[in-house]
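Top to bottom, those sequences are chains C and D.
The first sequence runs 59 to 355 under this note's numbering.
The second sequence runs 182 to 477 under this note's numbering.
Where is the CB? At the ideal position from N, CA and C, for every residue including glycine.
These notes are about the structure you will find just below.
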Amino acid sequence: MALDTPVIAPDAPERPAPTRPPAPTGPAAAPAPDGEAAREPGIKLAIRDLDLFYGTFRAVREVTMEIRANEITAIIGPSGCGKSTFLRSINRMHELTRNATVRGQILLDGTDIYAPSVDAVDLRRFVGMVFQRPNPFPTMSIYDNVVAGLRLGGGAAKADYDEVVERCLTGAGLWDEVKDKLRQGGTSLSGGQQQRLCIARAMAVDPEVILMDEPASALDPVATLRIEELMLELRGRYTIVIVTHNMQQASRVSDQTAFFSMNEDRAGYLVEMDRTAQIFTNPREKLTEDYVSGRFG
Amino acid sequence: MTGSVVVREGTFADRLLAARGSRRKTIDRIARSIALAATIACIIPLAAVLLYVVVKGAGALNLDLITKPSKALGTGGGALQAWLGTLQMVALATLFAVPIGILSGIFVSEFAGNRAARAVRFASDVMVGIPSILVGVFIYALLVLPFKQFNAFAGGVALAVIMIPVIQRTTEEVLQLVPRELREGALALGVPTWRTTVSVVLPTAKAGILTGVMLGVARAAGETAPLLFTSLGSRLVNVGDLGKPMDSLTLFIYNGARSPITALNEQAWGAALLLLLLVLGINVAVRFRSMGGTRA
């Protein structure tokens, strides 16, 4: 298992070289060694040679990157470059799509989440997700929405729901707005409030990683700002990975930024990843510079 | 794309006038009229049937019809045994058809692979279209002949066979309308698939599933042919003895309408109105209850 060198897998059919050379993957740091040894402090997720397929179509190609613990990592890139697909592979939502398959490794604190011994349902309690469109459960009250994961997930010991609801809604910056109407339906809230409710719902199961798939793209600027402030408050407690189309958003909230693009084969790949300031001011790749300066995509 | 300036002739009002599509407007008017006529043609039979039943039935629908059974011989009495029979057999059929129909609808929508789903869907569509008399004959062979006895149980099963595909198809279609985001929202919290289905998907689709059940009930309550071969019909009040023949409103109507005796014809009209009110009443009651309890 030569995982330390992110070379092109021998069984992957090589394509004629694109006009731009395939981007070197992975951060500038020396490649991490194999398996358990990869458990460096500060690295929450280590992704190794990840390929994601829909049937025979390869949507994401050979992504190798490391995501730092308790920081915010933004993933940016043009439409269709596999950002969301990549994000959904981190909590194994990708495999819910028919014919979707995965090749490569994602290590969470050194454990491969695609190992046969790992159950996807269990994993998702540790890796939560917030979606593009707010999706509170329409048949449940605000209160029930927050504790839905605890109540329906089973397994966990019966918690003090009242305490959880207050703590998570406070954490999501929603408590003062809804504390007097906890029994009302979750869908009675405004879009921005609904999204914060969904974040509270994700926090209630006490995850270690929260994935956000364009969490503010369906919201107005004011609600977007609230979500961004919330993310900054959550930083330090959770490892957050956010996919966003909004480059200002990425530069405002994230510590690290990964830029994805795609070639003629429509397979998305990681162009480069670096400190956010670096990506937006002095990227290593021309392609990145063109994208962040708005020249394409 | 900077070209030379285009100079147009006349004023804008002139050009607007020249572009007026009188032909388009005529065609629009004709097409609308045809659509409206078709809609009216669609509603007339429904309104006519309802009106006719109400007018003819209102006179015959009295307390005697509801509270008294038919006389064993001759005319007179009421339709007590008939509506009691309808209620019992439809209830029995609902008991069988609701779990089977809803569960198979859930299976097809949530768990089946493409090919299995298509097969079940096809089977259900065929079942909906099968002439109900064939269902009667089939259950006759299965549950009447072996016992040499027409019985209410066979009637209930025959009605269940008719209800199942109706409930199955509506359940499946309604579940398909539940947004994928809701399922994913639950799964992303670490909720197992079965629990997501039971606690998130089903409550969201509750009203639609209920509609499917009501469609099935209405359909079963209105069937005559499957009962001719199974529960046969009876002039005696039968409450709870599923091994014996049982009457139904539809059989009562069938027999009364064919009779040369005017009094029985009139009773049949009364029973028809009663059946209409019964189905309507069940519908309203169920809807009212489910609206009162929106909290899942």
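Relative to C/S137, the option among C/M331, C/A325, C/V280, C/E330 whose CA is nearest is C/A325. A straight line joining the alpha-carbon of D/A222 with that of D/L232 spans about 16 Å. For D/V372, at least one C-beta of chain C is nearer than 8 Å to its own C-beta. Ranked by how close their Cα comes to the Cα of D/R400, the residues D/L340, D/Q269, D/V235 have D/L340 in first place. Below the 7 Å Cβ cutoff, chain C contributes N193, F195 as neighbours of D/L363, in chain order. Residues of the same chain with a CB within less than 7 Å of the CB of D/A453, apart from the 5 flanking positions on each side, are V234, G238, I434 in chain order.
In the DSSP assignment, C/S248 falls outside any alpha helix (DSSP H), carrying neither H nor E. Ranked by Cα distance from C/F111, the first of C/T334, C/D167, C/R333, C/S142 is C/S142. D/V379 and C/Q163 have their C-alpha atoms roughly 33 Å apart. Cβ-Cβ distances below 8 Å link C/R284 to G231, G250, R254 in the same chain, with the five nearest sequence neighbours on each side left out; the list follows chain order. For C/Q163, the pairing in a beta bridge is given by DSSP as C/R106.
Annotation: the region 268-311 of chain D contains the following complete segments of the alpha helix (DSSP H) (minimum length 4 residues), in chain order: 295-310. Put simply, the backbone Cα of C/A274 is about 10 Å away from that of C/V280.
Secondary structure at D/G257: coil, using DSSP grouped into helix, strand and coil.
Judged by DSSP in its simplified three-state form, C/V263 adopts coil rather than helix or strand. If you ignore the 5 residues before and after D/M344, its C-beta comes within less than 6 Å of the C-beta of A274, A278, G397, A401, all in its own chain and listed in chain order. By the neighbour-count criterion, in which 16 or more other beta carbons inside 10 Å mark a residue as buried, D/V186 falls on the exposed side.
Each of D/V347, D/I215, D/Y321 was checked against the Cα of D/P280, and the nearest Cα belongs to D/V347. The shortest C-alpha to C-alpha distance from D/A272 to any of D/S471, D/F469, D/I463, D/G255 is the one to D/I463. Residue burial is scored here from C-beta neighbours: D/G317 has at least 16 other C-beta atoms within 10 angstroms and is therefore classed as buried. Close to D/G389, with beta-carbon spacing below 9 Å, lies no residue of chain C; the smallest spacing is near 13 Å. Listed along chain C, the residues sitting closer than 7 Å to D/A369 by beta-carbon distance are N149, M151, R182, G186, M187. At a beta-carbon threshold of 7 Å, the residues of chain C lying near D/V381 are F195, ordered along the chain. Remark: C-beta atoms of C/F195 and C/G244 approach each other more closely than 8 Å.
The region 180-204 of chain C is shown to contain whole beta strand (DSSP E) runs of 3 or more residues at 185-188, in chain order. C/G326: member of the beta strand (DSSP E) spanning 326-333, first to last residue. Note that the region 121-128 of chain C touches the region 309-324 of chain C; at least 3 beta-carbon pairs, one per stretch, sit closer than 8 Å. Chain D has a Cβ within less than 8 Å of the Cβ of C/L154. A distance below 7 Å between beta-carbons, with the five flanking residues on each side excluded, links C/Y172 to the following residues of its chain, in chain order: V160, Q163, I164. One Cα belongs to D/R416, the other to D/V460, and the distance between them is close to 22 Å.
Taking C-beta atoms as the reference points, D/L356 and D/E291 count as a pair closer than 8 Å. In terms of Cβ geometry, D/T352 and D/I283 form a close pair [threshold 8 Å]. Shown here, C/F318 sits in a strand according to DSSP, grouped into three states. Less than 8 Å separates the beta-carbon of D/L261 from that of D/I247. What C/V222 touches in chain D, judged by beta-carbon distance under 7 Å, is nothing: the nearest beta carbon there is about 13 Å away. Taking a contact as a CB-CB distance under 8 Å, the pair D/M308 and D/M427 does not count as one, their CB atoms being some 24 Å apart.
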